[in-house]
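> For reference, the structure I am asking about is given below.
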DNA sequence: CTTCAGGTACGATGCAAGTCGTACCTGAAG
DNA sequence: CTTCAGGTACGACTTGCATCGTACCTGAAG
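Protein chains in written order, with the numbering used here: chain A, 1 to 111; chain B, 112 to 222.
See below:
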């Protein structure tokens, strides 16, 4: 299990309240939605998400996601990698990631 | 469709961020967990939930749940009824209500 | 070495939200 | 009518949190 030098909670320890609070924020949810949509689950750069906020705030948001147990952060010193903890999240809260795709009203009459 | 004199958003208008924010609170989530667990979906009294908070705060929380589109509130003047909008929630966010049952670490080694 | 971009640490700020106190409304029961 | 319990309205208080400014660290490239 390489790539978890910045660790969050174990899979069984994920708290639903913490997770919901993490996903309540627009910016964090957009990150998670992108990650959940990419089925390859590859490691992504921190700034590969187009977030309209400062660096410091991005650091804060990624920390919240990590402490909620939703992502791993891999520290390379002057660069950071992000990876979705899909297996752990799915095991603990099956179906949660699928909900992220239902963000904007999409299930209704695609014309 | 009787019993919606205090109305929330339409089923298609439910917002994921609003819903997550509503479910992030411990007290509101306990209410929703109870409602989701009762498959009869009967109308319940407001004080049938054992919430360790004042009346005013309960009023506030039920309002938040209603405005998120998760419940209906039926006003009887000096009494109020609560009913889960199960069909609407399931249609918009399928599987969300099932997640509420996974609150405390329950899916792990039931011995 | 210096330079530079990516990230973090710390503090400050502004706003949203959970909580309660006081006062008031509503309908049912005496 | 009065009384009483369930609920609401308004306001105040406090905490949490998203955001940013400044300063600093880290590793790679000149």
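Positions of the beta carbon are idealized from the N, C-alpha and C atoms, including for glycine.
Would you call residue 73(A) buried or exposed, if buried means 16 or more other Cβ atoms sit within 10 Å of its Cβ?
Numbered from 1 along the first chain, position 73 holds the residue referred to as residue 73(A). By the neighbour-count rule (16 or more Cβ atoms within 10 Å), residue 73(A) is buried.
> How about residue 84(A): is its C-beta nearer than 8 Å to some C-beta of chain B?
Residue numbering aside, residue 84(A) sits at position 84 when the first chain is read from its first letter. It does not; no Cβ of chain B falls within 8 Å.
> Using the Cα positions of residue 61(A) and residue 50(A), report the straight-line distance between them to the nearest angstrom.
Residue mapping note: residue 61(A) aligns to position 61 of the first chain, counting from 1. Residue mapping note: residue 50(A) aligns to position 50 of the first chain, counting from 1. Cα to Cα, the separation comes out at about 13 Å.
> Between the alpha carbons of residue 82(A) and residue 46(A), how many angstroms are there, rounded?
On the first chain, position 82 is the one that residue 82(A) refers to. On the first chain, position 46 is the one that residue 46(A) refers to. Each residue's Cα considered, the two are about 6 Å apart.
> Which of helix, strand or coil does DSSP assign to residue 113(B)?
On the second chain, position 2 is the one that residue 113(B) refers to. Caution is warranted here: a pLDDT of 46 is assigned to residue 113(B), below 50, making its placement in the model unreliable, and no coordinate value can be reported.
> Who are the Cβ neighbours of residue 27(A) in its own chain at under 7 Å, not counting the five residues just before and after it?
Looking up residue 27(A) in the first chain gives position 27. So the qualifying residues of the chain are 51, 53 and 61.
> Would you call the segment 141 to 158 of chain B and the segment 35 to 45 of chain A in contact, with 3 or more CB pairs under 8 Å?
Taking 8 Å as the limit for Cβ pairs, the verdict is that the segment 35 to 45 of chain A does not touch the segment 141 to 158 of chain B.
> Roughly how many angstroms separate the alpha carbons of residue 191(B) and residue 176(B), rounded to a whole number?
As a first step, residue 191(B) is located in the second chain; it is residue number 80 there, counting from the start. As a first step, residue 176(B) is located in the second chain; it is residue number 65 there, counting from the start. Distance between the alpha carbons of residue 191(B) and residue 176(B) is about 14 Å.
> At 4 residues or longer, and completely inside the segment 119 to 161 of chain B: list those alpha helix (DSSP H) runs for me, N to C.
You should have 127 to 135 and 137 to 148.
> Is the beta carbon of residue 204(B) closer than 8 Å to that of residue 20(A)?
Your numbering for residue 20(A) matches position 20 in the first chain. Your numbering for residue 204(B) matches position 93 in the second chain. Cβ atoms of residue 20(A) and residue 204(B): not closer than 8 Å.
> On the three-state DSSP scale, how would you describe residue 107(A)?
Translated into the one-based positions of the first chain, residue 107(A) becomes position 107. For residue 107(A), the pLDDT reaches just 48, beneath the cut-off of 50, and the residue's location in the model is therefore unreliable, although a value from the coordinates is still provided. If DSSP states are grouped into helix, strand and coil, residue 107(A) belongs with coil.
> Quick one: using the 10 Å Cβ neighbour count with 16 as the cut-off for buried, is residue 142(B) buried or exposed?
For the purposes of this step, residue 142(B) is taken as residue 31 along the second chain, with counting starting at 1. Classification of residue 142(B): buried, given that the 10 Å Cβ count is 16 or more.
> Which chain A residues are close to residue 209(B), counting only those with a beta carbon under 7 Å from its beta carbon?
Here the question's residue 209(B) lines up with position 98 in the second chain. The contacting residues are 95.
> Ignore the nearest five residues each way along the sequence and tell me which others in residue 85(A)'s own chain have a CB closer than 7 Å to its CB.
For this step, residue 85(A) is matched to residue 85 along the first chain. Answer for residue 85(A): 69, 70, 71 and 72, listed in chain order.
> Put residue 186(B) into one of helix, strand or coil per three-state DSSP.
Here residue 186(B) is taken as the residue at index 75 of the second chain, counted from 1. The answer is strand: DSSP assigns residue 186(B) an E or B state.
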